[in-house]
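Each remark here refers to the structure printed beneath this line.
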Amino acid sequence: MKLAIASGKGGTGKTTLTVALAQAAQAPVQLLDCDVEEPNSHLFFTKGDSKRDVVTVAVPHIDPQRCTHCGLCGDFCAYNALACLPTETILFEGLCHSCGGCMRLCPHQAISERQQRIGYIDQWRHGQIDLFSGVLDVGQAMSPPLIRAVKRHQQADKLILLDCPPGTSCPLTTTIHDADVVILVTEPTPFGLHDLQIAVETVRQLNRPVAVIINRSDLGDQSIHDYCRSKKIPILLQIPFEKRIAVAYSRGDGLLDALPGLQPQLALVLNQARKLYRENLT
Amino acid sequence: MKIAFSTNGTNREDLVDSRFGRAERFVIIDSISDELQVVDNIQNRQSSQGAGIQSATTLINQGVGAVVTGQCGPKAFTLLERSGIRVYPCPAITIAEAFRQVQQNKLSATTSATVEGHWGEV
Ligand code: SF4
Ligand code: SF4
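Sequence lines, in order, name chains F and Z. The opening residue of the first sequence carries number 883 in my numbering; numbering runs sequentially from there. The opening residue of the second sequence carries number 14 in my numbering; numbering runs sequentially from there.
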């Protein structure tokens, strides 16, 4: 099962929860950190030997000797990454989506393919948990290719947990579009509800089963519950605010370090998610 | 010299539009012949990114020597500057007035982009 853990915005405890779910599973787990602009799942594990793979994308390289400045590539590029000027053709790498079109189209064979580094993936093994952490290079604007590279490590026979990027745009949809279940982590505040609603819309547009976990559940009002009831979204878990949790976080410890008693409940969350997944199959 | 003005109008009495890449069109005036030409920028307004790049490319290929607009981002500015085109930031005054001010050296050309890129990159 591919289980994606997301939240409309940052700071709702999504990563902590993802890590705790991985630890609670007591089975082989792959934890894929797809929050490539700020991956921090790995902070909850002691550093061991890691393996690092550089990730590249194909971008066009224009041979000025061959280019006749015909302008075809610039007209073609849907992302406006190519500027065809009278005496030179300029690529704006940050806008290129590596569609490969211009390379095939140039009638003068002036465009070849060049590999451009966008980031890397670190891998660790911690007991039964295989952690994959995608890291986008500073200054890179395009995270989806790196997220796809992280996801290529998925092994169908394992439980796969995807720590999602924040927001509801391309990085999120790239991560969750083929997830079996999406869990949204939220907080019972007006902002939390607002972000949750937007995230639910996004997940439902992609036709993925959605469930909710409420963090710091005792600090707000009932509006999240009312909303989930009206939209028939199951609430899988509510974690009350506890000083012990806050203290553990500040030390860099995880949720299960602070509340070991939460393990059975987290295991239950995984079972409920499996049930949602199976229901969706039938 | 040809001078381009970003605008959503079509003639000299229309106002300079603050947008560059997403302006509706450009009015181009030839300061020698005083001829006026209108170039559409509509296709660009629908693109999700890089509109300024395409607008700059269009104007460069039109052979303009100066651009009068409100806000010009870093990518478009780089292209214009490389091609030796001066960029004059300008408030929403009429094209006729802006044209006069350029000719009397009352508008000063900028040496850098006037707004940031859309993703905070330069
Ligand atoms: S299509 Fe090829 S020849 Fe034409 S402008 Fe692009 S790179 Fe140059
Ligand atoms: S590979 Fe595709 S996106 Fe990149 S410059 Fe060429 S046409 Fe544009």
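Beta carbons are placed, not taken as given, at the ideal position from N, Cα and C, and that holds for glycine.
Secondary structure at Lys884 of chain F: strand, using DSSP grouped into helix, strand and coil. With contacts defined by Cβ atoms closer than 8 Å, Ser980 of chain F and Asp945 of chain F do not form a contacting pair.
Between Val77 of chain Z and the set F:Val1067, F:Cys955 and F:Leu967, the nearest pair of CA atoms involves F:Leu967. If you ignore the 5 residues before and after Ala89 of chain Z, its C-beta comes within less than 7 Å of the C-beta of Phe33, Gly34, Gly65, Ile66, Ser68 and Ala69, all in its own chain and listed in chain order.
Gly956 of chain F reaches chain Z at Thr70, counting residues in chain order whose Cβ is nearer than 7 Å.
In the structure shown, the three-state DSSP call for Val77 of chain Z is coil. For Leu1018 of chain F, not one C-beta of chain Z is nearer than 8 Å to its own C-beta.
Within the DSSP secondary-structure output, Pro942 of chain F pairs in a beta bridge with F:Glu995. Listed along chain F, no residue sits closer than 9 Å to Gln116 of chain Z by beta-carbon distance, the nearest being about 26 Å off. For Tyr961 of chain F, the nearest CB of chain Z lies under 8 Å from its own CB, placing it at the interface with that chain. Under DSSP, Arg32 of chain Z takes part in no beta bridge, so it has no partner. Using a Cβ-Cβ cut-off of 8 Å, Gly86 of chain Z does not count as an interface residue toward chain F, since no Cβ of chain F sits closer than that to its own.
In terms of Cα proximity to Asp1108 of chain F, the closest of F:Pro1122, F:Phe1014 and F:Leu1075 is F:Leu1075. In this chain, Val1082 of chain F is not harboured by any beta strand (DSSP E); it is covered by the alpha helix (DSSP H) spanning Pro1072 to Gln1087. In this structure, DSSP gives Cys966 of chain F an extended state, which the three-state scheme calls strand. Residue-level contact check: Gln67 of chain Z touches chain F, since one or more beta carbons of chain F fall below 8 Å from its beta carbon.
Counting only residues of its own chain and dropping the five nearest sequence neighbours on each side, Asp1100 of chain F has a CB closer than 7 Å to the CB of Pro1122 and Phe1123. Taking every protein chain shown into account, the CB of Ala17 of chain Z has 16 or more other CB atoms within 10 angstroms, so this residue is buried. When the beta-carbon positions are compared, Val911 of chain F and Ala904 of chain F come within less than 8 Å of each other. Chain Z has no Cβ within less than 8 Å of the Cβ of Leu973 of chain F. The beta carbon of Cys1052 of chain F does not come within 8 Å of any beta carbon belonging to chain Z, so the residue lies off that interface. If you check the C-beta of Cys966 of chain F against ligand 1, you find a heavy atom less than 7 Å away. Under a criterion of Cβ atoms nearer than 9 Å, no residue of chain F is adjacent to Gly97 of chain Z; the nearest Cβ is some 11 Å distant.
Note: Ala109 of chain Z is not bridge-paired with any residue in the DSSP secondary-structure output. Between the beta-carbon of Thr894 of chain F and that of Glu1161 of chain F there is about 26 Å, and that puts the pair past the 8 Å contact cut. Judged by DSSP in its simplified three-state form, Leu1152 of chain F adopts helix. Minimum Cα-Cα distance from Ala36 of chain Z among the listed residues Z:Leu72, Z:Glu48 and Z:Ser121 corresponds to Z:Leu72. Lys15 of chain Z is bridged by DSSP to Z:Asp43. When distances are taken from the beta-carbon of His990 of chain F to the heavy atoms of ligand 1, the shortest one is below 7 Å. Ligand 2 never approaches Pro1027 of chain F closely enough for any of its heavy atoms to be under 7 Å from the residue's Cβ.
Within the model, the alpha-carbon separation for Ala963 of chain F versus Ala940 of chain F is close to 14 Å. Taking the beta carbon of Pro968 of chain F as reference, the chain Z residues within 9 Å of it are Ile73, Asn74, Gly76 and Ser96, listed in sequence order.
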